[in-house]
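> Protein chains in written order, with my numbering: chain P, 1 to 256; chain D, 1001 to 1195. By construction, the Cβ of each residue, glycine as well, lies at the ideal position given by its N, Cα and C atoms.
1) For residue 35 (chain P), which of helix, strand or coil comes out of DSSP?
2) Please identify the residue among P:133, P:147, P:156, P:204 whose C-alpha is closest to the C-alpha of residue 181 (chain P).
3) Taking contact to mean 3 or more Cβ pairs, one atom from each stretch, closer than 8 Å, check whether the segment 40 to 55 of chain P and the segment 215 to 228 of chain P are in contact.
4) How big is the Cα-Cα spacing for residue 34 (chain P) and residue 112 (chain P)?
5) Check the Cβ of residue 121 (chain P) against every Cβ in chain D and list those closer than 7 Å, keeping chain order.
6) Taking only beta-carbon atoms, is residue 97 (chain P) less than 7 Å away from chain D?
7) Hey, is residue 41 (chain P)'s beta-carbon within less than 7 Å of any beta-carbon in chain D?
8) For the alpha helix (DSSP H) that contains residue 56 (chain P), what are its first and last residues?
9) For residue 1061 (chain D), go through chain P and note every residue whose CB falls closer than 8 Å to its CB, in chain order.
10) Helix, strand or coil for residue 1037 (chain D)? Go by DSSP, reduced to three states.
11) Using a 10 Å radius around the Cβ and a threshold of 16 neighbouring Cβ atoms, would you call residue 1160 (chain D) buried or exposed?
12) Please say whether residue 192 (chain P) and residue 117 (chain P) have beta carbons closer to each other than 7 Å?
13) Kindly indicate the opening and closing residues of the alpha helix (DSSP H) around residue 178 (chain P).
14) Report, in whole angstroms, the separation of the C-beta atoms of residue 94 (chain P) and residue 1055 (chain D), which I expect to be a contact under 8 Å.
15) Below 8 Å CB to CB, which residues in the same chain sit around residue 205 (chain P) once its five sequence neighbours on both sides are set aside?
16) Might you give, ordered along the chain, the residues of its own chain that have their beta carbon closer than 8 Å to the beta carbon of residue 1085 (chain D), omitting 5 neighbours on each side?
17) I need the straight-line Cα distance from residue 203 (chain P) to residue 197 (chain P), nearest angstrom please.
18) Looking only at C-alpha atoms, which of P:155, P:32, P:41, P:72 sits nearest to residue 56 (chain P)?
19) Roughly how many whole angstroms lie between the Cα atoms of residue 114 (chain P) and residue 188 (chain P)?
20) Restricting to Cα atoms, I'd like to know which of P:209, P:250, P:43 is closest to residue 289 (chain P).
21) Between residue 1170 (chain D) and residue 1180 (chain D), which are expected to be in contact by the criterion C-beta below 8 Å, what is the C-beta distance as a whole number of angstroms?
22) Could you name the residues of chain D that residue 244 (chain P) contacts, counting a contact when the two beta carbons are closer than 8 Å?
Written out as structure tokens, the structure is:
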């Protein structure tokens, strides 16, 4: 790798930012140990509480700025659920809104320099994706009984093709939670790691002459990546949410 | 640097391509050297536990407090807007009714005024007619009286003429030295006055 020629003095630890560490002291991480993940999840909760509870305290007909933002978020997801999953999907609105808010706040808090991004961990996104998968599957069978299996039987296709399509549909159905979770965690991880890699190049000017060219470029690249990450932070939360709505629609109305 | 949007977009695309490559490399390196913290299964239990706690708390905060409140605010606002529009509609109708009533009153007043003017005019005309008639009658009476007197005067004058004529005739006859027969003079004067 070309970069390693100049990087004797540089330290590359782009993945260190994702390490889970105990908040207090050293020691093994038990299931109950408060860690940096705990801290940033708590901050996510606090941010949501501040915006949606403290921000709407006034219950004003003419909203304050904070209340406007809270209403905007409410309206955005509410409309999404209604448009995609239908009116009967609105029962699940608090559930979907919880996921959306957790992801969007965790993503943006993760962009604070020095922060820990909880959504960059596959354990976190997988739990949410599996929760969505289980919810959707259970709702599908409870609402439609065996008719839910019609989701896999593409009745608009020629009869001979249907078993093959059914197999593909079943596989794609079970792949859903995998893609659902890896998409989010992967995006978060990749962006943050890339910023870290560029950041590692930044002090090159102190070590080598070539740094005069590399340092401004890497700083510029960090800025560009950061802008992109702001976009990605929102888009990935949006994608996760809208896919949840789409899956929910399949459960509520399984017939194509 | 990038001044136009196209350039900026190009720069972003480049950055992304580059970034993805770097990310892959970086991830590869990290995985080889230190291992991805994401794949350290010993922390999974901890993360899942705290995630569950966080999600449940967020769900409770939202479903118990935030969502009913925001839903209520939005419903209140919708209701307020609807009722305000209805009130505005009502006020507008009231204003229209008031304008109509005003115009009607104006028309009524005008008609009334016209009627009063006509009545007054008729009254005046009646008085005028009466006065004219009275004046006419007086004039007629006076004219008749005058005519009578003129007639009397004329009759008196005729008598006087006869008397004067008789006396004159007797005097003339006497002047000629004759003796006038009173009866003959009377007849002669009468016949002359008739002729």
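Working from what's here:
1) Walking along the first chain from the start, residue 35 (chain P) turns up at place 35. In this structure, residue 35 (chain P) counts as strand in the three-state DSSP scheme.
2) The count along the first chain starts at 1 and reaches residue 181 (chain P) at position 181. Among P:133, P:147, P:156, P:204, the Cα nearest to that of residue 181 (chain P) belongs to P:133.
3) Taking one beta carbon from each stretch, the segment 40 to 55 of chain P and the segment 215 to 228 of chain P have fewer than 3 pairs nearer than 8 Å; the two do not touch.
4) Within the first chain, numbered from 1, the residue matching residue 34 (chain P) stands at position 34. Within the first chain, numbered from 1, the residue matching residue 112 (chain P) stands at position 112. Roughly 20 Å between the two C-alpha positions.
5) Translated into the one-based positions of the first chain, residue 121 (chain P) becomes position 121. Within 7 Å Cβ-Cβ: 1038, 1047.
6) Position 97 of the first chain, counted from the first residue, corresponds to residue 97 (chain P). For residue 97 (chain P), the answer is yes, since a Cβ of chain D falls inside 7 Å of its Cβ.
7) The sequence position of residue 41 (chain P) within the first chain is 41, counting from 1. With 7 Å as the cut-off, residue 41 (chain P) counts as an interface residue toward chain D.
8) Residue 56 (chain P) sits at position 56 when you count from the first residue of the first chain. First-last for residue 56 (chain P): undefined, no H or E at that position.
9) Position 61 of the second chain, counting from 1, holds the residue named residue 1061 (chain D). Taking a Cβ-Cβ threshold of 8 Å, the residues of chain P close to residue 1061 (chain D) are 45, 48, 49, 52, 53, in chain order.
10) Taking the first residue of the second chain as position 1, residue 1037 (chain D) is located at position 37. When DSSP states are grouped into helix, strand and coil, residue 1037 (chain D) belongs to the helix group.
11) As a working note, residue 1160 (chain D) is residue 160 in the second chain. That one is exposed.
12) Stepping through the first chain from its first residue, residue 117 (chain P) is reached at position 117. Stepping through the first chain from its first residue, residue 192 (chain P) is reached at position 192. The answer is yes: Cβ separation under 7 Å.
13) For the purposes of this step, residue 178 (chain P) is taken as residue 178 along the first chain, with counting starting at 1. Where residue 178 (chain P) is concerned, the enclosing alpha helix (DSSP H) stretches over 162 to 201.
14) Against the first chain, residue 94 (chain P) aligns to sequence position 94. Against the second chain, residue 1055 (chain D) aligns to sequence position 55. Between residue 94 (chain P) and residue 1055 (chain D), the beta carbon gap of about 11 Å keeps them out of contact (Cβ cut-off 8 Å).
15) If you number the first chain from 1, residue 205 (chain P) lands on position 205. If we look at residue 205 (chain P) and ignore the five residues flanking it on each side, its Cβ neighbours are 211, 212, 214, 215.
16) In the second chain, the residue the question calls residue 1085 (chain D) occupies position 85. The same chain holds no residue with a CB closer than 8 Å to that of residue 1085 (chain D) once the five nearest residues on each side in sequence are set aside.
17) Along the first chain, read from residue 1 onward, the residue named residue 203 (chain P) stands at position 203. Along the first chain, read from residue 1 onward, the residue named residue 197 (chain P) stands at position 197. When rounded, the distance between both Cα atoms is 11 Å.
18) One-based indexing of the first chain puts residue 56 (chain P) at position 56. Of the residues P:155, P:32, P:41, P:72, the one whose Cα lies closest to the Cα of residue 56 (chain P) is P:72.
19) The residue given as residue 114 (chain P) occupies position 114 in the first chain. The residue given as residue 188 (chain P) occupies position 188 in the first chain. Spanning the two alpha carbons is a distance of roughly 15 Å.
20) In the structure as shown, chain P starts at 1 and stops at 256, and residue 289 (chain P) therefore has no counterpart that could be examined.
21) As a working mapping, residue 1170 (chain D) is identified with position 170 in the second chain. As a working mapping, residue 1180 (chain D) is identified with position 180 in the second chain. Indeed they touch by this definition, with Cβ atoms about 4 Å apart.
22) Looking up residue 244 (chain P) in the first chain gives position 244. The premise fails here: residue 244 (chain P) is roughly 13 Å from chain D at the closest Cβ pair, so nothing lies under 8 Å.
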